[in-house]
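Each residue of the sequence shown is one higher than the one before, counting from 1260 in the working numbering. Note that the Cβ used here is the ideal one computed from N, Cα and C, for glycine as well. The block underneath contains the structure these notes are about, expressed in structure tokens.
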Amino acid sequence: MQFATFAQYLAKIEATAKRNEITVILAELFNKLEPDEIEPTCWLLLGRILPPYEGLEFQFAEKMVIRAVARAFDSTPEKVQKQYKESGDLAKTAQEIRDKSIEVRKSITDIYAVLTAIARESGEGSQERKLAKVVELLQELDSLSVRYIVRIILTKLRLGFSDMTILDALSWAKVGDKSERKLLEDTYQLKFDIGKLAKAYLVHGKNGLEHFDIELGIPIQPALCQRLKTPVEMIEKMKKVFAESKYDGTRVQIHIQRLEIRDKKLEKWTVRTFTRSMEESSAQFPELEKAVQALGKHDLILDCEAVGFDPKTNKLLPFQETIQRKRKHDVAEFSIKVPLRFFIFDVLYKDGKSLVRLPLSERKEILHKLPMDGKTLTESKFIITDSPDELRSYHKKQLDLGLEGAVIKQYDSVYQPGRRGWSWVKFKEEETSEAKLSDTIDAVVMGYWYGKGKRNKFGVGAFLIGVAGKDEKILTLTKVGTGLSDDQWRELKERCGKVVATNKPANYHVNKMLAPDVWVDPEIVVEVAGDELTKSPNHTAGVALRFPRLVRFRDDKKVEQITTQKELAQIS
Ligand code: ATP
């Protein structure tokens, strides 16, 4: 397919906010693709160059794009900047500057190859080389394509749908309705690569999915917890359970591949890790390369929570200390200052075999047999019980130990990716406790109001947050105007500044009277606590969170993982 034709599809999608229409347009597009075009098209539709687990970002600043547009189309950066200021949209400006009469014939795969080559440029002088290549690329595109390529380069394509809509569209393309969506989703969760999935399914149909299984190096969607309030309810639903500490660290999925080079008598371990959002995080954990060797001669996928500890006292450290590893620099220094302990609670794959369909009790046995150094890698401790009283006292003990609570897992459950079923339940607060809600809420920042009075200096005085509704809608939950420290207000403003939206994003459903001064794209996830969820005619979530307080920014979560409107019922 010509890239220009693909750009026309993007324009059609951009023109509608209706998910069903988007699904049909995507299905039509999928049916016109050659097999080799399917993978690149999926990534481009999501505004990406490669899957998130490859960790390759475009990294090309706005001012570089301005330079590229100027150089490509015989203008000057000043002129482009001026026009951009007027339009508020750099992609649109670039499109306008590009001569409309020019037609070009480049295929999706041609353009995709150029984009990947640009993204892979690294090292000294790479910015200049990237610039030169972007200039060349822009000159090979018609004006509509320029618009979308600029968005992709700026990582701002945002067509208002996610991979979930692609799953719907795949089913639609193949069978004319959404009946195979569930099957697609189940398969996708085990090997989180939408491009590969789309290709397997569009080329071979359902049969293609049968062979689409866990693969070392490609993340599995992590299992998450449901919420129940009391241990009685938990035992009623789950019968016999494993109860484990709920560590307050960061989720890590570790993929370990062992290579043996026999004639050289060499052994080599390749370790890759993925976050809760299935992004590659390997560079954050240099200590793993050595630590995994203790596990013996195996290929493995392990599921765990990593928590910082004080090397002098051996005590676990708070979340804020653990996540310092997220910094791109000084990782080596931090790995000495704040070493991590990986509490391994599950094994999902071993030596070529997927274990996710085995009962948890069997997976725990396999895990238990793996030797660990007990310092960097350690098996997470648990009790097995079917007694609500025992569960209650275990939970209390965890809180007394300064942990977040307990995770309760059904004794013989299979590993269920995502937040489904009743395999995993979190036990944070009991109904009788002081806290009025059983859990905090993860919401997305939708926009903000300028600050008045004292807040004037921060440039933000309140912000609007939302939860996930049906069909990828974002529904408002509350306006947060108190409970932030001065530093948090400053941080919020800085974060918002990076994702300001020119218009209200299409999937935001907001009552007019609640429209903020500035809209922001759905990128910043915050964890908020509150006193109560009350019915609300003003908030589109149908309920409002009373006395909201910011707990922390949740960089480990993506907008696709925020609390859903349905889940609010479990929390209240
Ligand atoms: P929260 O916001 O409550 O920390 P969450 O929304 O990130 O949790 P949940 O599904 O509520 O995710 O809880 C599961 C998370 O708890 C896991 O992603 C993991 O990071 C953490 N965790 C800590 N200890 C355990 C454990 N023993 N077993 C499983 N998950 C654990």
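Straight-line measurement puts the Cα of Arg1813 at about 17 Å from the Cα of Leu1736. Annotation: Gly1789 to Glu1564 spans about 26 Å, alpha carbon to alpha carbon.
Only residues of its own chain outside the window of five on either side were considered, and among them Phe1593, Val1597 have a CB closer than 7 Å to the CB of Gln1583, listed in chain order.
For Thr1737, there is no enclosing alpha helix (DSSP H); the residue is part of the beta strand (DSSP E) that begins and ends at 1733-1739.
According to DSSP, Val1500 shares a beta bridge with Thr1644, Gln1669. Around the Cβ of Lys1505, a 10 Å sphere holds 16 or more other Cβ atoms; the residue is buried. For Ala1550, the closest C-alpha among the options His1768, Thr1637, Lys1499, Phe1265 is that of Thr1637. Following the DSSP letters along the chain, one finds His1514 inside the beta strand (DSSP E) bounded by residues 1509-1520.
In terms of CA proximity to Lys1322, Ile1412 leads the group Ala1765, Ile1412, Leu1292. Scanning the region 1753-1825 for uninterrupted beta strand (DSSP E) segments of 3 residues or longer gives 1784-1788, 1791-1794, 1802-1805, 1808-1812, listed from N- to C-terminal end.
Spanning the alpha carbons of Trp1528 and Lys1713 requires a straight line of approximately 55 Å.
Between Thr1581 and Gly1508, the beta carbon gap of about 5 Å places them in contact (Cβ cut-off 8 Å). With contacts defined as CB atoms closer than 8 Å, Ala1482 and Ile1642 fail to qualify as a contacting pair.
Glu1731 is the residue among Leu1751, Glu1731, His1798, Glu1826 whose C-alpha sits nearest the C-alpha of Thr1424.
In this structure, Tyr1447 sits near Leu1456, with a CB-CB distance shorter than 8 Å. Shown here, Tyr1460 sits in a helix according to DSSP, grouped into three states.
Taking C-beta separations shorter than 7 Å and ignoring five residues to either side along the sequence, the partners of Arg1357 in its chain run Phe1332, Ser1402, Val1405, following chain order. For Glu1526, the uninterrupted beta strand (DSSP E) run begins and ends at 1525-1533, by DSSP.
Relative to ligand 1, Lys1271 has its C-beta separated by 7 Å or more from all heavy atoms.
If you check the CB distance, Asp1645 and Lys1499 come in under 8 Å. In summary, Leu1696 is buried, with 16 or more beta-carbon neighbours lying within 10 Å of its beta-carbon over all protein chains present. In the three-state reduction of the DSSP assignment, Glu1399 falls in the coil class. Burial of Glu1296 is indicated by the presence of at least 16 other C-beta atoms within 10 angstroms of its C-beta.
For Ile1325, the enclosing alpha helix (DSSP H) covers residues 1321-1331. One Cα belongs to Ser1540, the other to Ile1361, and the distance between them is close to 43 Å. Contact check for Ile1473 and Leu1449: beta-carbon distance about 5 Å, within the 8 Å limit, so the pair qualifies.
When C-alpha distances from Asn1797 are compared across Phe1471, Lys1771, Val1779, Glu1786, the shortest belongs to Lys1771. Your pair Val1726 and Thr1635 does not check out as a contact, with CB atoms roughly 37 Å apart and the cut at 8 Å. With a cut-off of 7 Å, the C-beta of Glu1688 is classified as distant from ligand 1, since no heavy atom of the ligand falls inside that distance.
Shown here for Gln1543: same chain residues with a beta carbon closer than 8 Å to its own, the five before and five after excluded, namely Thr1532, Arg1584, Lys1585, Val1590 in chain order. Per DSSP, the beta bridge partners of Val1606 are Leu1561.
The closest heavy atom of ligand 1 lies 7 Å or more from the beta carbon of Arg1584. Only residues of its own chain outside the window of five on either side were considered, and among them Gly1306, Arg1410 have a CB closer than 6 Å to the CB of Leu1416, listed in chain order. When DSSP states are grouped into helix, strand and coil, Arg1586 belongs to the coil group. Relative to ligand 1, the beta carbon of Glu1564 is positioned inside 7 Å of a heavy atom.
Distances from the alpha-carbon of Phe1262 to those of Glu1287, Gly1435, Ile1370, Lys1359 put Ile1370 closest.
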